[in-house]
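In this note's numbering, the protein residues as written are 7 to 315. The beta-carbon is built from N, C-alpha and C at its ideal position, and this holds for glycine as well. Okay, structure first, notes after.
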Amino acid sequence: RTMRFEQLLEKLRRFAVFGDDEVQHLETDVELESLALEMCAALEDAEADDTVRLRETSTRNVIVVGGTRTGKSTLIEMLKNPRHIPEQLSLWTETQDPVLHSFTLERDEHLYNINIIDTPGLFQLHQRGVACPSNCDVKSAIAKSLAQEITKIHSVFIAVRFTSEEVRTEDIQALTELSQLLKGADKVVHLVITFKAQLSLDRTRTFAAKVRATPELQEFFADHPSAKIFFAGALDRDYFFLGGVKSLEAELANVMRMRTTLLDHIVEASEFARITDMDLFRPPSPVDPDPIASSDIEPSTSPQGGNLN
């Protein structure tokens with residue numbers, strides 16, 4: 007077969023112009039081959055004139071949870087823009103209600119619709135003159151957001167802000183409470199250690215091993231054997247202003263690497279947890295009722311605002 011004939015066959019497959027019977031006779035039927043060429047040319051012209059392009063996509067749903075001021079919102083901004091420079095850290099949380107962030111990622115000529123729900127943090131500090139939601143309020147808000155927005159979750163990222171010396175008590179408490187809240191989604195729960203833009207690849211590996219060996223976290227990892235540890239951070243203007251351009255370049259390289267690792271995990275996470283399988287949405291036990299799994303929180307069967315399945 008000539009190269010020209012192979013190209014014709016490829017076009018016929020793409021346009022599905024002829025059936026198998028016609029294709030078998032192409033090599034011996036000159037008129038049929040000529041007709042096939044004309045039809046493919048007409049279809050190519052129509053394709054070139056078509057200004058509307060519809061492409062298949064895959065959906066990935068992610069929820070980011072954690073204690074207050076653990077960098078949840080900054081993590082999402084970093085995923086959208088690795089050059090994001092957050093404002094100076096405040097004692098007060100900025101996310102008071104769940105916020106849905108949606109964007110499209112192209113990877114290997116395939117499109118992924120990524121929906122990330124940013125949630126209020128647990129253990130919020132009380133600011134004078136400002137109403138502060140309790141942990142129960144925060145967990146109820148998370149539950150209602152899940153019920154209204156999505157039917158399945160591909161990744162749950164628990165943001166924690168570990169220091170190099172110790173695990174913060176607030177992080178342990180937040181992990182414990184959130185693990186119970188998200189029971190049933192255990193297979194998609196992972197840790198994201200935030201505020202680590204200065205860590206090189208080798209240092210993140212060492213730090214991850216230290217976290218896994220932390221006595222206070224043994225129960226969490228036992229309950230979540232598939233949990234991965236990721237790292238995230240954002241550019242710190244004070245850090246690179248002191249260190250100059252080399253510090254900026256090193257920090258940006260770290261952030262880009264962490265961002266790529268997280269996005270790779272998000273798009274490759276084809277396994278998911280249905281929210282209907284979570285304890286959060288099951289009827290409360292008469293023996294040990296769950297105040298959050300109340301009758302007014304029911305998982306949505308027709309998600310709002312687009313394809314969030």
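By Cβ distance, which residues of its chain are closer than 7 Å to residue i, with the 5 residues on each side in sequence left out?
i	result
residue 136	Only weak support is given to the placement of residue 136: the predicted model assigns it a pLDDT of 44, under 50, and the value that follows is read from those uncertain coordinates. Answer for residue 136: no residue qualifies.
residue 177	73, 166, 167 and 168
residue 76	127, 165, 166, 167 and 200
residue 280	157 and 158
residue 295	Note on residue 295: pLDDT 49, under 50, position unreliable in the model; no value is reported.
residue 193	232, 277 and 279
residue 203	239, 240, 241, 242, 257, 260 and 261
residue 267	236
residue 273	66, 111, 113 and 118
residue 214	235
residue 4	Here the chain has residues from 7 to 315 only, and residue 4 is not among them.
residue 21	46 and 49
For residue i, count neighbouring C-beta atoms within 10 Å of its own C-beta (all shown protein chains included) and say buried if the count is 16 or more, exposed if not.
i	result
residue 46	buried
residue 264	buried
residue 242	buried
residue 97	Low per-residue confidence applies at residue 97: pLDDT is 38, beneath 50, and the placement is therefore not dependable enough to give any value.
residue 59	exposed
residue 86	exposed
residue 284	buried
residue 25	exposed
residue 207	exposed
residue 276	exposed
residue 252	exposed
residue 71	buried
residue 48	exposed
residue 84	buried
residue 180	buried
residue 18	buried
residue 191	buried
residue 134	In this prediction, residue 134 scores a pLDDT of 42, lower than 50, which makes its location untrustworthy; no coordinate-derived value is stated.
residue 34	exposed
residue 212	exposed
residue 311	In this prediction, residue 311 scores a pLDDT of 41, lower than 50, which makes its location untrustworthy; no coordinate-derived value is stated.
residue 95	Residue confidence is low: residue 95 scores 49 on pLDDT, short of 50, so the model does not pin down where it sits. No coordinate-derived value is stated.
residue 57	exposed
residue 210	buried
residue 132	Confidence in residue 132 is poor, its pLDDT being 41 and thus under 50, which makes the residue's placement too unreliable to answer from.
To the nearest whole angstrom, what separates the beta carbons of residue i and residue j, a pair I think is in contact under 8 Å?
i	j	result
residue 125	residue 164	About 11 Å separates the two Cβ atoms, so there is no contact after all.
residue 92	residue 262	Not quite, the Cβ-Cβ distance comes to about 16 Å (not below 8 Å), so this is no contact.
residue 205	residue 148	Contact doesn't hold; Cβ gap of about 29 Å is too wide.
Tell me which residues share the same chain as residue i and place their Cβ nearer than 6 Å to its Cβ, disregarding the 5 neighbours each side in the sequence.
i	result
residue 122	68, 82 and 107
residue 114	none
residue 269	none
residue 117	61, 63 and 110
residue 54	none
For residue i, collect the residues of the same chain with a Cβ closer than 8 Å to its Cβ; drop the 5 residues on either side in sequence, then sort them by chain order.
i	result
residue 31	38
residue 227	218 and 233
residue 271	161, 196, 234 and 236
Looking at the C-beta of residue i, does it have a partner C-beta in chain B at a distance below 9 Å?
i	result
residue 142	As a matter of chain content, chain B is missing from the structure shown, which is built from one protein chain.
Curious, which full-length alpha helix (DSSP H) runs of at least 4 residues does the segment 175-247 contain?
-> Correct list: 175-187, 207-218 and 224-229.
Which parts of the segment 61-86 are runs of the beta strand (DSSP E), unbroken and 3 residues or longer, counting only runs that do not cross its ends?
-> If we require 3 residues or more, the beta strand (DSSP E) runs fully inside the segment 61-86 come out as 63-72.
Segment contact flag, the segment 36-52 with the segment 11-23, C-beta cutoff 8 Å, min 3 pairs | Segments in contact, yes.
Could you say if the segment 246-261 and the segment 49-66 meet the contact criterion of at least three C-beta pairs nearer than 8 Å?
-> Contact annotation: the segment 246-261 does not touch the segment 49-66, with fewer than three C-beta pairs closer than 8 Å.
Hey, is the segment 186-201 in contact with the segment 105-116, meaning 3+ C-beta pairs nearer than 8 Å?
-> Judged by Cβ distances under 8 Å, the segment 186-201 makes no contact with the segment 105-116, as fewer than three pairs qualify.
Kindly provide the ranges of any alpha helix (DSSP H) runs that are 4 or more residues long and lie completely inside the segment 16-68, ordered along the chain.
-> Correct list: 26-30 and 36-55.
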